[in-house]
Structures are given as C-alpha cells and as structure tokens.
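Residues in the sequence shown are numbered from 12 upward in steps of one, following the working numbering.
Even glycine gets a Cβ: it sits at the ideal position worked out from N, Cα and C.
Notes for the one structure printed next.
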Amino acid sequence: MKLLNFLKPKPAQPTIESYGQTMSGVEQEQIQSVMEWLVASLFAVGYFGKSHIVWYNSDNPKLNLEPVMKKAMRRSKPVFLYCCGGRVQPPPNGYKSANDG
Numbered sequence: 012m013k014l015l016n017f018l019k020p021k022p023a024q025p026t027i028e029s030y031g032q033t034m035s036g037v038e039q040e041q042i043q044s045v046m047e048w049l050v051a052s053l054f055a056v057g058y059f060g061k062s063h064i065v066w067y068n069s070d071n072p073k074l075n076l077e078p079v080m081k082k083a084m085r086r087s088k089p090v091f092l093y094c095c096g097g098r099v100q101p102p103p104n105g106y107k108s109a110n111d112g
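Printed below as a string of structure tokens:
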C-alpha cells in the first residue's frame with residue numbers, strides 16, 4: 012500500500028480540510044486571512060499534503076472535536092486549531108502573536 016502512495020504524484024499545493032468554520036462566528040475576511048497564512052506556512056516548510064483546521068468557538072461548542080482529531084491523527088496529518096469566542100486563553104509568556112510585530 013505504501014508503494015502505491017509513493018507512485019502518486021505530489022499535489023502542487025497543500026489541501027486543508029476545514030471543520031466548524033460556519034459555526035465559528037469568524038468573519039469571512041478573517042477566515043480568508045488565516046487560510047492564506049496557513050497555506051503560505053505549509054509552502055514555506057515544503058509540506059504539500061493534506062492538513063486539517065478546526066475552527067472552535069468556545070461560546071458555541073457544538074462541534075465534537077474527538078472524531079476529527081482521531082481521523083487526522085490516524086493518518087499522521089497536521090491539525091491546526093483556531094480558537095475564538097469568549098474563553099480564548101492568551102498565549103503563554105514569551106510567545107508573540109502576529110499582531111505584536
């Protein structure tokens with residue numbers, strides 16, 4: 012089976028599967044900006060496979076993350092979590108956000 016994967020042509024760009032985007036409450040402009048940044052970051056490290064992004068709104072936690080995470084982990088694919096809502100924790104000391112300059 013791995014031999015067949017080896018023979019598949021590599022995709023020209025990363026594929027990002029998105030979960031919870033419509034329930035996140037995030038504006039379309041911000042979603043577009045995050046997705047562009049994520050694709051550019053994946054390009055920068057030479058990753059052209061499939062990855063996953065989960066849009067998690069702590070004020071509307073209807074999305075069950077467990078099946079999504081298990082699926083991605085079984086396939087050893089990168090998973091990104093975008094947290095939004097009222098209960099978002101600030102980053103630990105020493106980490107800078109994109110807005111910090």
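Item	Value
Cα-Cα separation, Ser29 to Trp66	8 Å
Nearest neighbour of Gly60, chosen from Gly97, Thr33 and Pro89 [CA to CA]	Pro89
Secondary structure of Ser87, DSSP reduced to three states	coil
Nearest neighbour of Gln24, chosen from Glu47, Ala83 and Thr33 [CA to CA]	Glu47
Same chain only: Cβ atoms within 8 Å of Val50, ignoring 5 sequence neighbours per side	Gln24, Pro25 and Ile27
Identified DSSP bridge partners for Leu49	The partner list for Leu49 (beta bridge, DSSP) is empty, contrary to what the question assumes.
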